[in-house]
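Engineer: Counting from 303, one number per residue, gives the positions in the sequence shown under this note's numbering.
Each residue gets a CB set at the ideal place from its N, CA and C atoms; glycine is no exception.
Have a look at this one before I ask anything.
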Amino acid sequence: MTIRWKPVVTGVILAGLVGGVGYAVQQKLAPQAATQPGRPPAGARSNVVAVQAGTVAREDVPIWFDGIGTVQAFNSVTVRARVDGELQRVSLQEGQLVKAGDLLATIDSRPLQAQLAQAEAKKAQDEAQLANARRDLERNMNLKEFASRQTVDTQRALVAQYEAQIRADEAAIEAVRVQLNYTTITAPISGRIGLRNVDQGNVVRASDQSGIATITQIQPIAVLFTLPEKQLQAVLAAQAQGAVTVEAQDREGRRILDTGSLAVVDNLIDSGTGTIRLKAQMPNDPQKLWPGQFVNVRLLSTVRRGATTVPATVVQRGPQGTYAYVIKDDQTVEQRPIKVARQEETKAIIDEGLTPGERVVVDGQYRLQPGSKIRIVEPIASAPGTTPAPQEERRHDRQQREGRQPS
303 MTIRWKPVVT
313 GVILAGLVGG
323 VGYAVQQKLA
333 PQAATQPGRP
343 PAGARSNVVA
353 VQAGTVARED
363 VPIWFDGIGT
373 VQAFNSVTVR
383 ARVDGELQRV
393 SLQEGQLVKA
403 GDLLATIDSR
413 PLQAQLAQAE
423 AKKAQDEAQL
433 ANARRDLERN
443 MNLKEFASRQ
453 TVDTQRALVA
463 QYEAQIRADE
473 AAIEAVRVQL
483 NYTTITAPIS
493 GRIGLRNVDQ
503 GNVVRASDQS
513 GIATITQIQP
523 IAVLFTLPEK
533 QLQAVLAAQA
543 QGAVTVEAQD
553 REGRRILDTG
563 SLAVVDNLID
573 SGTGTIRLKA
583 QMPNDPQKLW
593 PGQFVNVRLL
603 STVRRGATTV
613 PATVVQRGPQ
623 GTYAYVIKDD
633 QTVEQRPIKV
643 ARQEETKAII
653 DEGLTPGERV
663 VVDGQYRLQP
673 GSKIRIVEPI
683 ASAPGTTPAP
693 QEERRHDRQQ
703 REGRQPS
C-alpha cells in the first residue's frame, strides 16, 4: 500500500518545484519588459525626440536645367605639306600654343628654286623673240610698196603668238612661286599643337593624310550637350530674353570648370532619345576644358523671384503625398501637407503648405509622429557628403545597441 503512493508523492513535489521556479523567473523579467525601448509602461510620459530645425525662407532661386555633354573644339586643323620634299626644319613643339601665321616647319626649296629660274629664263627667251617679231612687223608695215599684205598679217600673228607665250611664262613663274611659298609651313589657326607625326629629315608629300601635326583651337571652346525635349520651350524663352548662362562642371558635379553662354540650339529633336542637342561657348581661361572631355552641364533657364524655400531634407513623402513637420510654439510638431514645385539636392521650392519664417524639422523625422514633443539640437560635424544626425538620437541608438536603458 505504501509502495503505490510513493510515485504520486514524488510527482507532486516536482510539480511544486517547477511552479516555484517559473514564478520567480516571471517576477524577475517583468520589470525589464516594462522598461524596454519602444514599449513604455502605462502612464509613462512620452520621450522627447531630438531633432534639427530650420526656417522657411523667401528668396530668389535660379532654376537650372541639368544635362551631360562633351567638350569640342570650334576648329581643328591637320597641318599637311602642300608640296613634296624633304622636311629640312621643324620649329613646332608638341603641346605648344601657337598663333595663326607662326612658322611651324620648312621643306627643301632648292628643286622649286631651280624650276623658278628655268621659268624666268624661258620668259626672257620669249621676250627676246617678241621684240624681234615686233621689229619685223614694224619694218614690213613701213615698206608698204615692197611687202605684201599677207606678209604683214603673218608677222602680226607671230607677234601675238609671242605675247601669249609670255603671258603663259608669267603664269608658270607665279605657279612656281606659289609652290615655293608652300615650302614654308605656318599655323593656319591659333591653338595648341598635338603630337608630331613626322620628324625632321623625312620626305613629306602633299598626298600624306596623317599630316605633320594637328592644331586644335581651345580658346574659346565649345561644349555640346543634351536636354530633355520638354525643356526646349523654356530654353527658347530664356534665349529670347538675351544671353543664357551655361556652366560646365567636372564629372562628379562638384566643381565649376568654366562658365559661358548658349550658342546654338539644334534644329532637330532626337526622336529615339527624346532629347535636343545644344552647344555652348566657353572662354576656357584658364584652360580647364579639353576636347573630348566629359562634363556635367547646367543651363540657367530663369530665376524664380521671392520663392518659398526649405532645405531638401525637410520634404517627406508618405502614402498621402509630400509633407513636412512644422514646429509649434509648445515644442511639438504638426505634420502638414505641402506642395513641392521643384526639389534639388540641397533645396526645395514650396508652392503651398509653408509660410516664410516658420520653423520646420530638417533632420530626425523618422522618430516623429503628429504631436510628438521635440528638443532642438545643433548638428554634429560629419564627414563631407554625409548628413549629421542629432546628438541625442545617436546616443539613444548607441545605448540600444549596447543593451542599456536610455537615460
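Would a C-beta distance cut-off of 9 Å place Thr485 and Ser411 closer than the cut-off?
Structural biologist: yes
Engineer: Run through the DSSP bridge pairs and tell me what Ala524 is partnered with.
Structural biologist: DSSP lists Gln374, Gln583 as the bridge partner or partners of Ala524.
Engineer: Identify which residue in Pro672, Asp632, Lys532 has its Cα closest to the Cα of Ser603.
Structural biologist: Taking only the C-alpha atoms, the option nearest Ser603 is Lys532.
Engineer: Considering Val662, what are the terminal residues of the beta strand (DSSP E) in which it resides?
Structural biologist: 661-665
Engineer: Compute the Euclidean distance between the alpha carbons of Ala433 and Asn444, then round it to the nearest angstrom.
Structural biologist: 17 Å
Engineer: If you compare alpha carbons, which of Arg441, Gln519, Glu422, Val635 is closest to Ala473?
Structural biologist: Glu422
Engineer: By the 10 Å Cβ neighbour count, where 16 or more other Cβ atoms means buried, how is Gly387 classified, buried or exposed?
Structural biologist: buried
Engineer: Is the separation between the beta-carbon of Arg600 and that of Phe376 shorter than 9 Å?
Structural biologist: no
Engineer: With distance defined between alpha-carbon atoms, name the residue in Glu549, Arg557, Arg479 nearest to Leu580.
Structural biologist: Glu549
Engineer: Check for me: the alpha helix (DSSP H) holding Ala470 runs from which residue to which?
Structural biologist: 451-484
Engineer: Relative to the C-alpha of Ala459, which residue among Gln481, Thr615, Arg436 is closest?
Structural biologist: Arg436
Engineer: For Thr575, which of helix, strand or coil comes out of DSSP?
Structural biologist: coil
Engineer: Helix, strand or coil: which one does DSSP assign to Glu549?
Structural biologist: strand
Engineer: Which residues in the same chain as Asp631 place their Cβ atom closer than 8 Å to its Cβ, once the five residues preceding and following it in sequence are excluded?
Structural biologist: Counting only Cβ-Cβ distances below 8 Å, and skipping sequence neighbours, we find nothing.
Engineer: With a floor of 4 residues, list each alpha helix (DSSP H) that falls wholly inside the stretch 371-433, ordered by position along the chain.
Structural biologist: none
Engineer: Can you name the residues that DSSP bridges to Ile517?
Structural biologist: Val379, Ile495
Engineer: Could you name the residues that DSSP lists as bridge partners for Leu601?
Structural biologist: Phe367, Val548
Engineer: Where do the ends of the alpha helix (DSSP H) carrying Gln541 lie?
Structural biologist: 534-543
Engineer: Which residues share a DSSP beta bridge with Ser563?
Structural biologist: Thr547, Gln583
Engineer: Could you check which residue in Gln427, Pro522, Val635, Val454 has the C-alpha nearest to that of Glu440?
Structural biologist: Val454
Engineer: Is the number of C-beta pairs between the stretch 516-530 and the stretch 487-505 that are closer than 8 Å three or more?
Structural biologist: Yes, since at least three Cβ pairs between the stretch 516-530 and the stretch 487-505 fall closer than 8 Å, the two stretches touch.
Engineer: Cα separation between Ser684 and Ser573?
Structural biologist: Confidence at Ser684 is low in this model, with a pLDDT of 49, below 50, so the placement of that residue should be treated as unreliable; the coordinate-derived value is given next. Ser684 and Ser573: Cα-Cα distance of roughly 45 Å.
Engineer: What is the rounded straight-line gap between the Cα of Gly503 and the Cα of Gln390?
Structural biologist: Going by the C-alpha atoms only, they are around 6 Å apart.
Engineer: When burial is assigned at 16 or more other CB atoms within 10 Å of the CB, is Gly371 buried or exposed?
Structural biologist: It is buried - the Cβ of Gly371 has at least 16 other Cβ atoms within 10 Å.
Engineer: Please list the terminal residues of the continuous beta strand (DSSP E) segment that includes Thr357.
Structural biologist: 351-357
Engineer: So for Thr710, helix, strand or coil by DSSP?
Structural biologist: Nothing can be reported for residue 710: it is not among the residues displayed for the chain, which extend from 303 to 709.
Engineer: Using a Cβ distance threshold of 8 Å, determine whether the stretch 560-569 contacts the stretch 534-542, with at least three qualifying pairs required.
Structural biologist: yes
Engineer: Which term fits Gln452, buried or exposed, when burial requires 16 or more other beta carbons within 10 angstroms of its beta carbon?
Structural biologist: exposed
Engineer: Residues in its own chain within less than 8 Å of Trp592 by CB, not counting five upstream and five downstream?
Structural biologist: Val373, Ile520
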